[in-house]
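Student: Protein sequences appear in the order of chains Z and F.
Position 61 of the first sequence, counting from 1, maps to 61 under my numbering, and the rest follow consecutively.
Position 54 of the second sequence, counting from 1, maps to 1054 under my numbering, and the rest follow consecutively.
Where is the CB? At the ideal position from N, CA and C, for every residue including glycine.
I'd like to ask some things about the structure below.
2 protein chains.
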Amino acid sequence: MQLTPAQIAEFEEQGYLFLPRLFSAKEMDILNAEVPRLFAQQRPEVWREKGTDAPRTAFYVQTWSEIFATLARHPRLVEPGTQLLGSDKLYMHQFKINAKAAFDGAVWQWHQDYATWYEDDDMPQPRAMNIALFLAEANEFNGPLMFIPKSHRLGRLEAGHDVTTTSYPLWTIDHATITRLVEEGGIVAPKGPSGSALLFHGNLVHASGSNLTPWSRWIVYLSLNRCDNAIRRFKRPTWIANQDFTPIDMLPDDCLVQQARRKQAVA
Amino acid sequence: MQLTPAQIAEFEEQGYLFLPRLFSAKEMDILNAEVPRLFAQQRPEVWREKGTDAPRTAFYVQTWSEIFATLARHPRLVEPGTQLLGSDKLYMHQFKINAKAAFDGAVWQWHQDYATWYEDDDMPQPRAMNIALFLAEANEFNGPLMFIPKSHRLGRLEAGHDVTTTSYPLWTIDHATITRLVEEGGIVAPKGPSGSALLFHGNLVHASGSNLTPWSRWIVYLSLNRCDNAIRRFKRPTWIANQDFTPIDMLPDDCLVQQARRKQAVA
């Protein structure tokens, strides 16, 4: 899995790159079959939406689900990260599934992920990024990710710590700044079927709206960081801000299907 | 302003009809110039979003704004109502501006307006409807109205009184029912520029999401009812559920521009 020079240039210009149908329906079925069981677990890594039992986020899933452990080493996700971050040695700073659950999925206010990685985790440089894999279709109705294109070029913006809007504390950006950024860059919301991937810069300003539809909008996020850019403050638990900086060892491209076959053979 | 037989058939089939750019930019400028002054007023008719000062709804505006009094008698809005409701004698059951304010605009859960008109106001039949005029552009990002097409054909659905989600109490429909309706009819969100109009049946199931963008999504709603279908319970104030059943006397088609001219001449 190699991005073309044109794709790399687009990422650098816009701050994101959308790869529709990067994974097959078969691969997505393997992953999705596991998700309800994960969200159903009562454990510290599974956060709920404020005031409801609906799942918001399942953290560190690569350590408590075999199939997601495999996904976390998938070359179709990790290799583009090595290209865009310019290093073969990447580690998983954060790995999570965001549910944006049917009917109850709540907003994520406008923010840059690097603001949190810097403020909370003391990550030296914005040499980290997100790879989002759509487990479910993202459409115009179910709270798709919204980006302000090119906003990553401004570097880290001033942010305030929002601990009230949702159950998850977040360093968010004020309205005047967002208004100015949107006047310049507009808003985009890449939409596509399950299996699509969305790669975006750690400083790209993004948000997502509520989900009132019957369609949960599950997304897996790999937050990849260069091993030479590891965090230096450890106030968040390791399952939110990973303290294990071991470089990711990629698996073969057919790893998901092979693992499902092995599991079936044993059963 | 006469709807064609094809437009009437489409309304009856789908439960709604979208008329892009029904009003000119000049007419919309006249209306929009007034809106900030209206939302800024501290009066019982202006409701705020829960937990913020952002306006949610300004009710009964036709009684405290001259230009909106004119709009409430506009033939491009009222005449289609007479055609679709099959009566020349209509009165204004409710007239409001919904703000869906930039950054703070909150959700409206799935509901039928007739459920509220029946439960709260004892309106005999669903022979009432909404005419929504977009003051601002409605786009995919700023919480556009979402409809479940054809859901009006099922009549009034069972509803529960939601007094917690937002500042405005609403008779809302349960998740299982919405899931079934969406499986059958899908979801649509008509989008368009300021000046577009959206006509929909009192039993059409609708909702709208949050607005995280810098773009307020102001909409005027005329809820027209047949005079022979007037409400029979008066527990809501008249500025929410009008107790004045006088038939609307339509003005000429150029009434907005003429009124602005008269005002300018006086000034």
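If we count Cβ pairs, one from each stretch, closer than 8 Å, do we get three or more for the region 170-189 of chain Z versus the region 49-65 of chain Z?
Tutor: no
Student: In terms of residues, what are the limits of the alpha helix (DSSP H) holding Leu71 of chain Z?
Tutor: 66-71
Student: Report back the beta-carbon spacing between Leu1256 of chain F and Ile1030 of chain F to the nearest angstrom; my notes put them in contact at under 8 Å.
Tutor: 5 Å
Student: DSSP on Asp162 of chain Z, reduced to helix/strand/coil?
Tutor: strand
Student: With 7 Å as the C-beta to C-beta threshold (strictly closer), list the residues of the region 1206-1218 of chain F near chain Z in chain order.
Tutor: Ala1207, Gly1209, Ser1210, Leu1212, Thr1213, Pro1214
Student: Taking beta-carbon pairs under 7 Å, can you tell me which members of the region 167-178 of chain Z lie near chain F?
Tutor: His175, Ile178
Student: Could you compute how far the alpha carbon of Met1129 of chain F sits from the alpha carbon of Thr179 of chain Z?
Tutor: So the two alpha carbons sit approximately 35 Å from each other.
Student: Please compile the residues from chain Z whose C-beta is within a distance smaller than 8 Å of the C-beta of Ala1040 of chain F.
Tutor: Under the 8 Å cutoff, chain Z gives no residues; its nearest Cβ is about 17 Å from Ala1040 of chain F.
Student: At what residues does the beta strand (DSSP E) containing Trp47 of chain Z begin and finish?
Tutor: For Trp47 of chain Z, the uninterrupted beta strand (DSSP E) run begins and ends at 46-48, by DSSP.
Student: Mapping DSSP to helix, strand and coil, what is Gly1185 of chain F?
Tutor: helix
Student: Please work out which residues of its chain come closer than 7 Å, Cβ to Cβ, to Asn1142 of chain F, disregarding the five sequence neighbours upstream and downstream, and give them in chain order.
Tutor: Lys1100, Asn1211, Thr1213, Trp1215, Arg1217
Student: Judging by CA-CA distance, which residue of Z:Ala230, Z:His201, Z:Pro75 is the nearest neighbour of Tyr16 of chain Z?
Tutor: Among Z:Ala230, Z:His201, Z:Pro75, the Cα nearest to that of Tyr16 of chain Z belongs to Z:His201.
Student: On the DSSP letters alone, give me the boundaries of the alpha helix (DSSP H) that Gln83 of chain Z sits inside.
Tutor: 75-85
Student: For chain Z, check one thing: does any of its Cβ atoms lie closer than 8 Å to the Cβ of Glu1350 of chain F?
Tutor: Outside the modelled stretch of chain F, which goes from 1001 to 1267, sits residue 1350 of chain F, for which no answer is possible.
Student: Interface residues of chain B around Val182 of chain Z at Cβ under 9 Å?
Tutor: Any reference to chain B falls outside this structure, whose protein chains are Z and F.
Student: For Ile1187 of chain F, return the contacting residues in chain Z, with the cut-off set at a CB-CB distance below 7 Å.
Tutor: Phe141, Thr213
Student: If contact means a Cβ-Cβ distance below 8 Å, which residues of the region 1081-1113 of chain F contact chain Z?
Tutor: For the region 1081-1113 of chain F, the set of residues with a beta-carbon nearer than 8 Å to any beta-carbon of chain Z comprises Ala1102, Phe1103, Val1107, Gln1109, Trp1110, in chain order.
Student: Counting C-beta neighbours from all protein chains within 10 Å, is the total for His1152 of chain F 16 or more, i.e. buried, or is it exposed?
Tutor: buried
Student: Gln191 of chain Z and Pro144 of chain Z look like a contact to me (Cβ under 8 Å); what is the Cβ gap, rounded to whole Å?
Tutor: Checking the sequence shown, residue 191 of chain Z turns out to be Lys, not Gln. Sure, about 5 Å apart at Cβ, within 8 Å.
Student: Quickly, what does DSSP pair Pro55 of chain Z with across the bridge? List them, please.
Tutor: Z:Arg48
Student: Which ranges would you report for the alpha helix (DSSP H) in the region 211-251 of chain Z if only whole runs of at least 4 residues count?
Tutor: none
Student: Could you check what DSSP says for Ile8 of chain Z in three-state terms: helix, strand or coil?
Tutor: helix
Student: Should Val266 of chain Z be labelled buried (16 or more other beta-carbon atoms within 10 Å of its own) or exposed?
Tutor: exposed
Student: What residues match up with Tyr16 of chain Z in a beta bridge as DSSP calls it?
Tutor: Z:Phe200
Student: Given that a residue counts as buried once 16 or more other Cβ atoms are within 10 Å of its Cβ, and exposed if not, what is Gly86 of chain Z?
Tutor: Burial call: exposed.
Student: Nearest-angstrom Cα distance between Lys268 of chain Z and Ile1219 of chain F?
Tutor: The structure shown does not extend to residue 268 of chain Z, since chain Z is modelled only from 1 through 267, so no value can be given for it.
Student: Residues of chain F with a CB under 9 Å from the CB of Met146 of chain Z: which are they?
Tutor: Phe1141, Leu1212, Thr1213
Student: Within 10 Å of its beta-carbon, does Arg1037 of chain F have 16 or more other beta-carbons around it, so buried, or fewer, so exposed?
Tutor: exposed
Student: Buried or exposed for Arg56 of chain Z, going by 16 or more other Cβ atoms inside 10 Å?
Tutor: buried
Student: Taking the alpha carbon of Ile187 of chain Z as the point to measure from, which residue in Z:Trp171, Z:His206, Z:Asp174 has its own alpha carbon closest?
Tutor: Z:His206
Student: Return the chain-ordered list of same chain residues with a C-beta closer than 7 Å to the C-beta of Gly155 of chain Z, the five sequence neighbours on each side being excluded.
Tutor: Asn203
Student: Could you pull out every residue in the same chain whose Cβ sits closer than 6 Å to the Cβ of Tyr1221 of chain F, ignoring the five residues on either side in sequence?
Tutor: Lys1096, Asn1130, Ala1132
Student: When you compare each of Z:Gln125, Z:Phe147, Z:Glu140, Z:Gln112 to Trp171 of chain Z by their alpha carbons, which one comes out closest?
Tutor: Z:Gln112
Student: Rounding to the nearest angstrom, what Cα-Cα distance links Asp1104 of chain F and Glu10 of chain Z in this structure?
Tutor: 32 Å
Student: Give the DSSP bridge partners of Ile956 of chain F, in chain order.
Tutor: Residue 956 of chain F cannot be examined here, being either before or after the span of chain F that is shown, 1001 to 1267.
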